[in-house]
Amino acid sequence: MGRRRIAMNDQTLSAAVIGCGYWGKNLVRKFHELGALAAISDPDAGVRQRMTQDYGVPAREVDDILSDPAIDAVVIAAPAELHHELAIKSFAAGKHVYVEKPIALTLEDANAMHEASIRAGKILMVGHLLQYHPVFLKLKELVRNGELGKL
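For the sequence shown, the positions run 346 to 496 when the numbering used here is used.
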């Protein structure tokens, strides 16, 4: 699939995923399917090689991603202790930020990220996707089987 940019209102976006581990690899796959994946970053050389082979995008250092004007947004799937630092740097570089849960490890860091997004005029989005949680899978099954009545 060729790379295309995703439209958000009148703005087009391309994204880089920072952290391609347990959940990050799923985000890489999804952003690639959307045609919005511009680059990846991960400290593990094997992961970087696999991602670049599988998805045809470059593996880059975080600072290179942040300084690239062609990249509009970063997707932070790194360990939670890095969320605050990466988000603040991303906003300072003029990027939109999608960060996996938890947003941060402290309320103060979460508030600082929110304030940085406002100052930068950029979007801060937190991924609280629960569609694969066992409780929601069971609920989906109950609804599908009609066990909860007509909904």
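Beta carbons: idealized from backbone N, C-alpha and C, even for Gly.
For residue i, the three-state DSSP class (helix, strand or coil)
| i | result |
| --- | --- |
| V471 | strand |
| R350 | For R350, the predicted model reports a pLDDT of 48, less than 50, meaning its position is unreliable; a value from the coordinates is still stated below. Three-state DSSP puts R350 in coil, outside helix and strand. |
| Y443 | strand |
| I448 | coil |
| L358 | strand |
| A455 | helix |
| A425 | helix |
| V373 | helix |
| A415 | coil |
| I363 | strand |
Residue i vs residue j beta-carbon contact at 8 Å
| i | j | result |
| --- | --- | --- |
| H478 | L469 | no |
| K483 | F436 | no |
| I433 | A457 | yes |
| G472 | V442 | no |
| I363 | V407 | yes |
CB-CB length for residue i against residue j, believed under 8 Å
| i | j | result |
| --- | --- | --- |
| S462 | A438 | 12 Å between Cβ atoms; not a contact. |
| F376 | A360 | 5 Å |
Residue interval of the alpha helix (DSSP H) (run including residue i)
| i | result |
| --- | --- |
| L379 | Taken as a continuous stretch (DSSP letters only), L379 belongs to no alpha helix (DSSP H), as it is neither H nor E. |
| G391 | A390 to Y400 |
| S435 | H428 to A437 |
| R405 | R405 -> no alpha helix (DSSP H), and no H or E assigned at all. |
| E486 | P479 to R489 |
Limits of the beta strand (DSSP E) - the one that residue i falls within
| i | result |
| --- | --- |
| V419 | A418 to I421 |
On the three-pair Cβ rule with 8 Å, is the stretch 413-422 touching the stretch 446-463?
no
Tell me whether the stretch 372-386 and the stretch 425-432 touch, counting them as touching only if at least three CB pairs, one residue from each stretch, are closer than 8 Å.
no
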